[in-house]
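These notes concern the structure reproduced below.
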Amino acid sequence: MDNFRFGTTITVLNIVLGLLTITGYNHAASVKSKDELFNINITMPNYNTTQEDQYTFLQYELPDEELTIVGYSPLISMNAAHHMLTFACTKPGSNKRVWASGQACTGNEQLIVHGWARNAPSMNLPDDVGFPVGRNTPYKYIVVNIHYLSNIVNDKSGNQLIMSRKPRKYQAGVMLAGTSQIYLKAKAHSVRTPFSCRYNGPTISIFAARVHAHQWARVNSLYRVRDGVITQIVKGDPQWPQSFYPLSTAVEIQNDDYLVGQCVYDNDDDQIVRVGPTHKDEMCNVYAMYSYEPTKTANGKQKTGEVPIRSCWDNEFSSLINLIPHDSEVPPRKPSDIGETRSGHDTHAEHVMNPTIGKHTSSTSDDDQSYDDYMDEVENMRHRNRGSSPYDINKVLSHLGLPDYEYVDAQNYDYLLPTHLTYGKEQTVKLHNAKITSPNLYTCVETWPDVKSLPSQLGEIGGITLNKANDELIVFHRGTRKWETKYFTGNYRFRNEAYGPIDDDVLLHVDTRTGQTKARWGAKMFYMPHGLTIDHAGNIWVTDIAMHQVFMFKPNDLLHPALTIGEMFQPGSGPTQLCRPADVAVMKNGDFFVADGYCNSRIIKFNRKGEYITEWGTPMNGMRDDDGFPLPNQWNIVHSIALNEDAQLLCGADRENYRIQCFNSKTGEFQRQIRVEGKDNIGPIYAIEFAPNTNGTVLFAVTGGAETPVKKVYMIDARSGDILTSFDSDPHLKAPHDIAVSSNGREVYVGELASSPANALHKFELSKRKDLPTQAFSKRIYLNDKNFRTSLIIMAFFAIPVLLAVIFGCLIRIRNLRKLRRLNTFLSDVKTNSTAPTSVLGDWMNRRKGFEKLDQCSDGENEPLENDLNDDINSNDESKAPPTVNNNIAFKMGASL
1 MDNFRFGTTI TVLNIVLGLL TITGYNHAAS VKSKDELFNI NITMPNYNTT
51 QEDQYTFLQY ELPDEELTIV GYSPLISMNA AHHMLTFACT KPGSNKRVWA
101 SGQACTGNEQ LIVHGWARNA PSMNLPDDVG FPVGRNTPYK YIVVNIHYLS
151 NIVNDKSGNQ LIMSRKPRKY QAGVMLAGTS QIYLKAKAHS VRTPFSCRYN
201 GPTISIFAAR VHAHQWARVN SLYRVRDGVI TQIVKGDPQW PQSFYPLSTA
251 VEIQNDDYLV GQCVYDNDDD QIVRVGPTHK DEMCNVYAMY SYEPTKTANG
301 KQKTGEVPIR SCWDNEFSSL INLIPHDSEV PPRKPSDIGE TRSGHDTHAE
351 HVMNPTIGKH TSSTSDDDQS YDDYMDEVEN MRHRNRGSSP YDINKVLSHL
401 GLPDYEYVDA QNYDYLLPTH LTYGKEQTVK LHNAKITSPN LYTCVETWPD
451 VKSLPSQLGE IGGITLNKAN DELIVFHRGT RKWETKYFTG NYRFRNEAYG
501 PIDDDVLLHV DTRTGQTKAR WGAKMFYMPH GLTIDHAGNI WVTDIAMHQV
551 FMFKPNDLLH PALTIGEMFQ PGSGPTQLCR PADVAVMKNG DFFVADGYCN
601 SRIIKFNRKG EYITEWGTPM NGMRDDDGFP LPNQWNIVHS IALNEDAQLL
651 CGADRENYRI QCFNSKTGEF QRQIRVEGKD NIGPIYAIEF APNTNGTVLF
701 AVTGGAETPV KKVYMIDARS GDILTSFDSD PHLKAPHDIA VSSNGREVYV
751 GELASSPANA LHKFELSKRK DLPTQAFSKR IYLNDKNFRT SLIIMAFFAI
801 PVLLAVIFGC LIRIRNLRKL RRLNTFLSDV KTNSTAPTSV LGDWMNRRKG
851 FEKLDQCSDG ENEPLENDLN DDINSNDESK APPTVNNNIA FKMGASL
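Following the UniProt record's numbering, the numbering of the sequence shown begins with 1 at its first residue and continues without gaps.
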């Protein structure tokens, strides 16, 4: 009996301990098991949401001891939440225990340690692998972020972490790969959004992965490229339950390997889908969990907090996408352990992987057909709106202040018509220059720049600008540094304690004629170059988004800034602080504007001393105007600004809202917004620039982003918003980032976020007279053009005297005609009297010789009539003579008059 009571007591204690472990939220149960594992439950305290698509954060402070996360058991259901992410943080994003919106972490370090969605199962890390947290690590807090799809009350969802006090040989990390360049047109299928990067770091081993997208996604994939050979890491269906799933075979990533992937979408809806956080938007994410052997300190302990890679974002090496196999668009087969999933607008996809890793699979004929259909669709997208030019070339030239006979309207679709092209209705133009860009006017100078003279470490182009003489292009680039999330904390602070300034000369002076590098400077001065401007005095202005500062350099001292705006490495939103400033525009009196656009969504005006004057601009609040775009003066990255002081116009590239907004430069009053394409075809606008010495307000803009199939340069009349023309290069621009235009608009320069000097810079020139077609061009006159008004005045000056002479001549002729009528009347009377029997002058009046001298006034028109007269002279028929003579006299007198 005693034994029975003892056993019963032990059983009850075990049950109680088990219940405490499961139900205790935000509480650590430190009961050790044989393998020293224990659980930490982090759950919501009966939380009530206030709206749909609400993101809520819950923090948990770790105990002061060395701990390792080795597994997860989600305490959540897809009936309550859409997805859940778990972070290890230095500091939580709020002092509150639970908070809605904002960010998970602040401080120098944060790390994604787990992701869940759609009832994904529990997960244990491989043996000897874990996430070190707690004492002697940067990670003192765990923050759980839950995305609630709909309103819910009394929620206790959360995550159970499986912990160990025993350190592991290998540390774990998570790399987020993907892109925000997502644009799905209505009824579009097989739309791909690629991403790529190059890995620089110690060898890592990817052992699990998770894909994430929303309801329109078909398949997400990630590959490794080594020595030109591509190997699949993961291919997952985002509509399956989403968690980190172990790969059948770990994939090793070495230094200088490339990573490339894509997300494929099908949009059957009647509306455009863009990137965004809600279930009505889309995402493209692939999370790769990896292990690596950490470096050790002098006393033999592992270093923590310095993970090899945190992200692989956007399409840095676009040429790699050609290596992705055809079957990447075909979702993997559904594993037997995954149940049915819901579909519809309330499914917020995430991902799972294909168990066949590291080898290629042959594509079926259906797959090939699917790929061919996709390629056809891509080509259709690339060639949209190219059949005929909607732009009036004469109007373009007029705005540039150029005669229309000097340049050629040369729409060259050489990929379609290699020998000639037809444009308009009846005109065919023979192509004299195969390099004329499509669709018109500007040609790409293939021999510019001189690539050999450029530094081999020429990196991503942040900004470009022309000097006042237009004979030098200044280039502001990032050298060997790439913009990666590993350089920044969650609150935009640069990790300057871990990464120093760029060692390379990041400012280059390139000859605009020869393309050769004339000078270089800026080594060890900048951390993440971005904007570049030269003012009327020749001063050089640059922005550094890592330092959160703007610098002005005098031309005679390029080593010490004459003016600095912002606090070094301190992002902020006050009048003396900036947050990732993107660009600068300077007035003639020295006052200047700053595009404080990545974090603060504003344009700030300072005086020449750097003192704050005013600002305008607000973040988006979700409200839309009647045209479907955000309200005026709301921004989604103020990426570039351009100033036309004579027209009192300051325009800004609202990059991710796909528009240009223009304001009165003196008052900040909104003037207009400009969209360079139709709403269904528009893409992000990366840079804008005025051409000052042209007729009117000619503004140039360049588009970029992966969702824009063909990146173009646009010429715009900023005052009216009219698109004058557009052109692209052959081959197409890859990742344009900034634009510079000569003062007269005849040369255009584009800088790209390129991976090599060979495709980093481009120069375009207006086509020359030698390419003029022989056909006559139709002319249109624009009354608002300055040249036309001048010509009209000159024409009037010469036309008025001519008009007066014509009027005077008409008056004289009218007077002579009146005299002629009186004379004819008199002659008729004479004739009548001469034929009367009582006339005494009858025989004398019939003498013809008396009127022969009138022939001397003849101009030759009456010669046939003179022959008749001679015949009459030899004739004895006098009955016909009088009328002949009199009629002839009247005709000759009239003719001579």
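A virtual CB, placed ideally from N, CA and C, is assigned to each residue, including glycine.
*Three-pair Cβ contact test at 8 Å for the stretch 188–195 versus the stretch 225–241*: No: the two stretches stay apart, fewer than three of their Cβ pairs being nearer than 8 Å.
*Assuming V70 and N124 form a contact by the criterion Cβ under 8 Å, report the distance between their Cβ atoms to the nearest whole angstrom.*
Locating residue 70 in the sequence shown gives position 70, counting from the first residue. Locating residue 124 in the sequence shown gives position 124, counting from the first residue. Rounded to the nearest angstrom, the Cβ distance from V70 to N124 is 7 Å, consistent with a contact under 8 Å.
*In the DSSP assignment, find the unbroken beta strand (DSSP E) run with C197 in it and report its ends.*
Taking the sequence shown and counting its residues from 1, one reaches residue 197 at position 197. Segment 189–198, the beta strand (DSSP E) holding C197.
*Please look up how many angstroms separate the CB atoms of P138 and T297, rounded, as I've assumed it's under 8 Å.*
Against the sequence shown, residue 138 aligns to sequence position 138. Against the sequence shown, residue 297 aligns to sequence position 297. Incorrect: roughly 14 Å between the Cβ atoms, too far for contact.
*Go through its chain and collect everything with a Cβ distance to S665's Cβ below 7 Å, but skip five positions before and after it.*
Within the sequence shown, the letter at position 665 stands for residue 665. Closer than 7 Å at the Cβ level, and outside the excluded window around S665, lie L643, E645, Q648, L649, L650.
*Pull up the DSSP beta-bridge partners for F476, would you.*
Looking up residue 476 in the sequence shown gives position 476. DSSP, once it has assigned bridges, lists G463, L507 as partnering F476.
*Same chain only: Cβ atoms within 6 Å of E52, ignoring 5 sequence neighbours per side*: Here residue 52 refers to the residue found at position 52 when the sequence shown is read from its first residue. Residues of the same chain with a CB within less than 6 Å of the CB of E52, apart from the 5 flanking positions on each side, are S150 in chain order.
_Output needed for N46: all residues of its chain with C-beta closer than 6 Å, excluding positions within five of it in sequence on either side, in chain order._
Along the sequence shown, read from residue 1 onward, the residue named residue 46 stands at position 46. Excluding positions up to five away in sequence, the list reads N154.
*Spatial neighbours of A742 within its chain, please: CB distance less than 6 Å, with the 5 preceding and 5 following residues excluded, ordered by chain position.*
Position 742 of the sequence shown, counting from 1, holds the residue named residue 742. Inspection of the sequence shows that residue 742 is occupied by Ser rather than by Ala. Excluding the 5 residues flanking it on each side, S742 has same chain C-beta neighbours closer than 6 Å at N470, in chain order.
*Leaving out five residues on either side along the sequence, give the residues of the same chain with a beta carbon under 6 Å from the beta carbon of Y148.*
As a position in the sequence shown, residue 148 is number 148, starting the count at 1. Result list for Y148: T49, Q54, A81, in chain order.
_Residues in the same chain with beta-carbon distance under 6 Å from P632, minus the five sequence neighbours each way, listed in chain order, please._
Here residue 632 is taken as the residue at index 632 of the sequence shown, counted from 1. Cβ neighbours of P632 beyond the five flanking positions: F670.
_Quick check on K91: does DSSP put it in helix, strand or coil?_
In the sequence shown, residue 91 corresponds to position 91, counting from 1. Residue state, collapsed to three classes: strand.
_Comparing C-alpha positions only, which one of T533, G500, H477, T480 sits nearest to F488?_
As a working note, residue 488 is residue 488 in the sequence shown. Relative to the Cα of F488, the nearest Cα in the group T533, G500, H477, T480 belongs to G500.
*Once you ignore the five residues that flank Q549 on each side, which residues in its own chain have a CB closer than 8 Å to its CB?*
In the sequence shown, residue 549 corresponds to position 549, counting from 1. Answer for Q549: T543, T564, I565, G566, E567, M568, L578, P581, listed in chain order.
*With respect to the beta strand (DSSP E) encompassing L724, which residues constitute its N-terminal and C-terminal limits?*
Position 724 of the sequence shown holds residue 724. That run of the beta strand (DSSP E) goes 722–727.
_Rounding to the nearest angstrom, what Cα-Cα distance links G261 and V251 in this structure?_
Along the sequence shown, read from residue 1 onward, the residue named residue 261 stands at position 261. Along the sequence shown, read from residue 1 onward, the residue named residue 251 stands at position 251. The straight-line gap from Cα to Cα measures roughly 15 Å.
*Based on Cα-Cα distance, which residue from A209, G107, Q242 lies nearest to S77?*
Counted from its first residue, the sequence shown places residue 77 at position 77. The shortest C-alpha separation from S77 is found at Q242.
*asked:* So L699 and I716 are supposed to be a Cβ contact under 8 Å. How far apart are they, rounded?
replied: On the sequence shown, position 699 is the one that residue 699 refers to. On the sequence shown, position 716 is the one that residue 716 refers to. Yes, they are in contact, since the Cβ atoms of L699 and I716 sit about 4 Å apart, within 8 Å.
*When DSSP labels each residue in this structure, what does T614 get in the three-state scheme?*
Taking the sequence shown and counting its residues from 1, one reaches residue 614 at position 614. T614 falls in the strand class under three-state DSSP.
*Is the beta carbon of A186 less than 7 Å from the beta carbon of M283?*
By one-based count along the sequence shown, residue 186 stands at place 186. By one-based count along the sequence shown, residue 283 stands at place 283. When the beta-carbon positions are compared, A186 and M283 stay at least 7 Å from each other.
*Got a sec: does the ligand ADP put a non-hydrogen atom nearer than 6 Å to the Cβ of D504?*
What this structure holds is no ligand at all, so the ligand ADP is not there to describe.
*What does C651 pair with, by DSSP beta-bridge criteria?*
The residue you call residue 651 lines up with position 651 of the sequence shown. For C651, which the question treats as bridged, DSSP gives the partners A642, C662.
*Taking the continuous beta strand (DSSP E) assigned at N39, which residues delimit it?*
Residue mapping note: residue 39 aligns to position 39 of the sequence shown, counting from 1. Note, N39: beta strand (DSSP E), 37–43.
*asked:* When you compare the CB positions of S689 and I739, do they come within less than 7 Å of one another, or not?
replied: The count along the sequence shown starts at 1 and reaches residue 689 at position 689. The count along the sequence shown starts at 1 and reaches residue 739 at position 739. The amino acid occupying residue 689 in the given sequence is Glu; Ser does not appear at that position. Yes, they are a contact pair.
*Residue range of the beta strand (DSSP E) that includes P246*: In the sequence shown, residue 246 corresponds to position 246, counting from 1. For P246, the enclosing beta strand (DSSP E) has its first and last residue at 245–253.
*Since A701 is in the beta strand (DSSP E), which residue starts that stretch and which ends it?*
Numbered from its first residue, the sequence shown carries residue 701 at position 701. From DSSP, the beta strand (DSSP E) with A701 extends over 698–703.
*For E497, which option in L454, M547, N39 has the closest C-alpha, if you only look at C-alpha atoms?*
What you label residue 497 is simply residue 497 of the sequence shown in a count that begins at 1. Each of L454, M547, N39 was checked against the Cα of E497, and the nearest Cα belongs to M547.
*Locate the beta strand (DSSP E) running through T56, then write down its first and last residues.*
Start at 1 with the first residue of the sequence shown, and residue 56 comes out as number 56. The continuous beta strand (DSSP E) containing T56 extends over residues 54–61.
_Quick check on I807: buried or exposed, where buried means 16 or more other Cβ atoms within 10 Å of its Cβ?_
Numbered from its first residue, the sequence shown carries residue 807 at position 807. Classification for I807: exposed.
*Mind checking who M123 pairs with in its DSSP beta bridge?*
Counting from one through the sequence shown, the residue named residue 123 turns up at place 123. DSSP output for M123 lists Y72 as bridge partner(s).
*A895 - DSSP class collapsed to helix/strand/coil*: If you number the sequence shown from 1, residue 895 lands on position 895. The pLDDT assigned to A895 is 35, lower than 50, so where the model puts this residue is not dependable; a value taken from the coordinates is nonetheless given after this. Three-state result, A895: helix.
*Mapping DSSP to helix, strand and coil, what is D346?*
The residue labelled residue 346 in the question sits at position 346 within the sequence shown. Low per-residue confidence applies at D346: pLDDT is 30, beneath 50, and the placement is therefore not dependable enough to give any value.
*Express the C-alpha separation of R659 and F629 in angstroms, rounding to a whole number.*
On the sequence shown, position 629 is the one that residue 629 refers to. On the sequence shown, position 659 is the one that residue 659 refers to. Those two C-alpha atoms are separated by around 9 Å.
*DSSP state of I272 mapped onto helix, strand, coil*: Numbered from 1 along the sequence shown, position 272 holds the residue referred to as residue 272. When DSSP states are grouped into helix, strand and coil, I272 belongs to the coil group.
*asked:* Does the stretch 261–271 come into contact with the stretch 155–173, if we say contact requires no fewer than three beta-carbon pairs (one atom in each stretch) closer than 8 Å?
replied: Touching, no, given that fewer than three Cβ pairs across the two stretches are closer than 8 Å.
_Do P757 and residue 898 count as a contact pair if the criterion is CB distance below 7 Å?_
It is not possible to answer for residue 898, since the shown part of the chain is limited to 1 through 897.
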